[in-house]
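One structure below.
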Amino acid sequence: MLLQRFGAAQGYDLVITAKRATVQDYLDALNRAFTGLELTRVRRPEVRACRGCDRCCAERAPLTIIDSFLLSRVTGCSSLSEFLSRYGYVAVTGPVVDITLRRLDDGYCIFLDRQARTCRVYPVRPFVCQTFFCCPATGRALAVREAVVNSGEDELVRRWLKTRRVVHYADRPHVNPRDWLKNPFTGRWRYDAVRLRALLPGRLWRELYVPQQEGRRSRG
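For the sequence shown, UniProt numbering assigns the number 1 to the initial residue and increments by one for each residue that follows.
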């Protein structure tokens, strides 16, 4: 991760220095940046630490197949259908399926501790939660996040289609299973098993990949 100026604010950019880099490598680098870089919180500049700040907990949180697997384990759910019934929200609009974490009547995530304003499943919080920090980022950095989320959720939908289909909202549904094909998340149960090169569009990969020695010289 690289420190990047956005006018008066400080955000981040990224480069990939290893051909075999995984989604877990990306997560680890983001966590180091979020704790080690002087990033500007543009949405809540008065907040000095994320702990106890629940601003992002009221936003849509799409799930990947790996998120659902990890959360199923910590919540004691024995199947994907059970997990989605208890903790997920499946919306089907025409041919589109969107699977997210459930929010309760107050609009906040089901896993938010309402008194402490902290996450009750923080060590295995979803990918979108792990990769969110309310600071600026370059377009290509955000494109990596979007590519991972989209591919991971697509695989979750593909698996959902093979189960007892839990649906919480439907508007003229006409889902075609052929729209959800196998992808780099298929058969993977950990983020360190999903390689970025396999799931990023070729043009984005070529823009981000920097041989390791050059990448080291570029880091600030």
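Glycine residues also receive a C-beta, built at the ideal position from the N, C-alpha and C atoms.
These numbers come from a predicted model, not from an experiment.
CB of residue i within 8 Å of CB of residue j, strictly
{"i": "leucine 199", "j": "isoleucine 16", "result": "no"}
{"i": "proline 126", "j": "aspartate 67", "result": "yes"}
{"i": "residue 222", "j": "phenylalanine 132", "result": "There is no way to answer for residue 222, as the model of the chain reaches only from 1 to 220."}
{"i": "glutamate 24", "j": "aspartate 13", "result": "One detail in the question is off: residue 24 reads as glutamine in this sequence, not glutamate. No."}
{"i": "methionine 1", "j": "alanine 33", "result": "yes"}
{"i": "threonine 64", "j": "glycine 152", "result": "yes"}
{"i": "proline 184", "j": "valine 194", "result": "yes"}
{"i": "serine 81", "j": "valine 166", "result": "yes"}
{"i": "leucine 39", "j": "glycine 11", "result": "yes"}
{"i": "glutamine 130", "j": "leucine 196", "result": "no"}
{"i": "leucine 161", "j": "tryptophan 180", "result": "yes"}
{"i": "cysteine 57", "j": "cysteine 109", "result": "yes"}
Proximity winner among the options, relative to residue i (alpha-carbon distances)
{"i": "tyrosine 169", "options": "Leu70, Trp205, Asp98", "result": "Asp98"}
{"i": "arginine 55", "options": "Arg117, Ser78, Val92, Thr64", "result": "Arg117"}
{"i": "aspartate 106", "options": "Ser151, Glu59, Gly76", "result": "Glu59"}
{"i": "leucine 104", "options": "Leu71, Val144, Glu146, Ala61", "result": "Ala61"}
{"i": "glutamine 212", "options": "Gly7, Ala147, Arg206, Ala18", "result": "Ala18"}
{"i": "leucine 70", "options": "Leu204, Tyr191, Arg206, Leu196", "result": "Tyr191"}
{"i": "phenylalanine 6", "options": "Val42, Asp28, Leu27, Gly36", "result": "Val42"}
{"i": "threonine 163", "options": "Ala147, Phe83, Arg145", "result": "Phe83"}
{"i": "arginine 114", "options": "Gly36, Val210, Arg51, Ala8", "result": "Arg51"}
Paired residues, beta bridge with residue i - DSSP
{"i": "residue 231", "result": "Outside the shown range of the chain (1 to 220) lies residue 231, about which nothing can therefore be said."}
{"i": "glycine 187", "result": "Looking at the DSSP assignment, glycine 187 forms no beta bridge with any residue, so it has no partner."}
{"i": "leucine 196", "result": "In DSSP, leucine 196 forms no bridge with anything."}
{"i": "aspartate 113", "result": "Thr118"}
{"i": "alanine 33", "result": "For alanine 33, which the question treats as bridged, DSSP gives no partner whatsoever."}
Assigned secondary structure, residue i (DSSP; H/G/I helix, E/B strand, else coil)
{"i": "valine 97", "result": "strand"}
{"i": "isoleucine 16", "result": "strand"}
{"i": "glycine 88", "result": "strand"}
{"i": "aspartate 105", "result": "coil"}
{"i": "proline 123", "result": "helix"}
When you compare the region 151-160 with the region 131-143, are there three or more beta-carbon pairs, one atom per stretch, that lie closer than 8 Å? With the cut-off at 8 Å, the region 151-160 and the region 131-143 do not touch.
Inter-stretch contact (C-beta, 8 Å, three-pair minimum) for the region 89-96 and the region 161-178: With a cut-off of 8 Å, the region 161-178 and the region 89-96 count as touching, because enough Cβ pairs lie within range.
Taking 8 Å as the threshold, find out whether the region 99-111 comes into contact with the region 81-90 through three or more Cβ pairs. In short, these stretches touch, since the Cβ pair count reaches three.
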